[in-house]
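Asks: Below is one structure. I have some questions about it.
Number of protein chains: 2
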Amino acid sequence: MTQTRRKFVASTVALGVGAAASAMPSTSAMKPYPKLVHHVFFWLKNPDSKEDLNKLLKGLRTLEKIETVKGVHIGVPASTEKRDVVDNSYHASELLFFDSVEGQNAYQVHPIHKKFVDDCSHLWEKVVVYDALAV
Amino acid sequence: MTQTRRKFVASTVALGVGAAASAMPSTSAMKPYPKLVHHVFFWLKNPDSKEDLNKLLKGLRTLEKIETVKGVHIGVPASTEKRDVVDNSYHASELLFFDSVEGQNAYQVHPIHKKFVDDCSHLWEKVVVYDALAV
């Protein structure tokens, strides 16, 4: 298969997306993602309510305006193969990239994030958060 | 804060990273991530073994060579604030982006992925997988 697109890869080098290509080791055509991944999974109180899901997704989309948020992927469970190890019981997924732990800390107390929690926390019954730092 | 870097955002438009900037709606400077996020968390059998962790991380790094893998972030738990909702009990995190469910299916049966499982599955005692499709 011909590889016509650039791949992206997380790097231990703390670079922004724009500056990354020229500064990465030249061993591949990859550019780094921001170092810190913050991935949150939500389980709704009313899992059959499309309205509640849409309210939550709308709220999640406001988070990209926060300055320290460097990348956003808002999703729902994908129709990949059902396997014992796959947890597809959640209802919405919020993946954010930050350059650093400090950026994630600033996000937690940002007014836009606080407004999201105020507006939407009544919608979910469970949240699981994973924070991973590139190595 | 001045926003000097491009942000990236997942999009329902199935575009590759390279082609995306010009095709996205011009409402922001954001470019889309590939649609499908595949995020895997590993718990080691020997959580105190740096050697086992390094073997696993080395194995995970081989996966970026698979053609349908469009982005990679390999990580370990970040030192973010300890909160009840944060699960930092895992030992390694593998985040891969794909353009589609089909790309993820092709990855599952790819020889490089099978070799990774053969070489490394004795290292972990638990795996949890989340697949999320951008909405």
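From first to last, the protein sequence lines are chains A and B.
The first sequence maps to residues 1 to 135 in the numbering used here.
The second sequence maps to residues 1001 to 1135 in the numbering used here.
Ideal placement from N, C-alpha and C gives every residue a C-beta, glycine not left out.
Report the three-state DSSP secondary structure of residue 128(A) (helix, strand or coil).
Replies: strand
Asks: For residue 1099(B), does the count of other Cβ atoms within 10 angstroms reach 16, so buried, or fall short, so exposed?
Replies: buried
Asks: Using three-state DSSP, classify residue 136(A) as helix, strand or coil.
Replies: Coverage of chain A is limited to positions 1 through 135, which leaves residue 136(A) absent and any answer about it impossible.
Asks: Specify, as a first and last residue, the run of the alpha helix (DSSP H) that residue 1053(B) falls within.
Replies: 1050 to 1061
Asks: If distances are taken between C-alpha atoms only, which option among 1050(B), 1114(B), 1096(B) and 1076(B) comes closest to residue 36(A)?
Replies: 1076(B)
Asks: Going by Cα to Cα distance, which pick from 1033(B), 1055(B) and 1043(B) is closest to residue 1118(B)?
Replies: 1055(B)
Asks: Less than 8 Å between CB atoms is the rule here; does residue 1105(B) satisfy it with respect to chain A?
Replies: yes
Asks: Determine, using beta carbons only, whether residue 1041(B) comes closer than 8 Å to chain E.
Replies: Checking the listed chains, one finds no chain E in this structure; the protein chains it contains are A and B.
Asks: Inspect the beta-carbon positions of residue 42(A) and residue 91(A) and report whether they are closer than 8 Å.
Replies: One thing to note: residue 42(A) has its Cβ within 8 Å of the Cβ of residue 91(A).
Asks: Taking 8 Å as the threshold (C-beta atoms), are residue 1074(B) and residue 134(A) in contact?
Replies: yes
Asks: If I follow the unbroken beta strand (DSSP E) through residue 1077(B), where does it start and stop?
Replies: Looking at the DSSP string, the run of the beta strand (DSSP E) that includes residue 1077(B) is 1071 to 1077.
Asks: Sorted by chain position, which residues of the same chain lie with C-beta nearer than 6 Å to residue 65(A)'s C-beta, five sequence neighbours on each side aside?
Replies: The beta carbon of residue 65(A) is closer than 6 Å to those of 112 in its chain, skipping five residues each way along the sequence.
Asks: When burial is assigned at 16 or more other CB atoms within 10 Å of the CB, is residue 94(A) buried or exposed?
Replies: buried
Asks: What residues of chain A sit near residue 1093(B), judged by a beta carbon separation below 8 Å?
Replies: 37, 130 and 132
Asks: Is it buried or exposed, residue 1072(B), if we count other Cβ atoms within 10 angstroms and call 16 or more buried?
Replies: buried
Asks: Compare the C-alpha of residue 67(A) against each of 83(A), 53(A), 109(A) and 46(A) and name the closest.
Replies: 109(A)
Asks: Determine which residues of the region 1073 to 1088 of chain B have a Cβ less than 9 Å from any Cβ of chain A, and write them out in chain order.
Replies: 1073, 1074, 1075, 1076, 1077, 1078, 1079, 1080, 1081, 1083, 1085, 1086, 1087 and 1088
Asks: Out of curiosity, what's the CA-to-CA distance linking residue 1115(B) and residue 52(A)?
Replies: 42 Å
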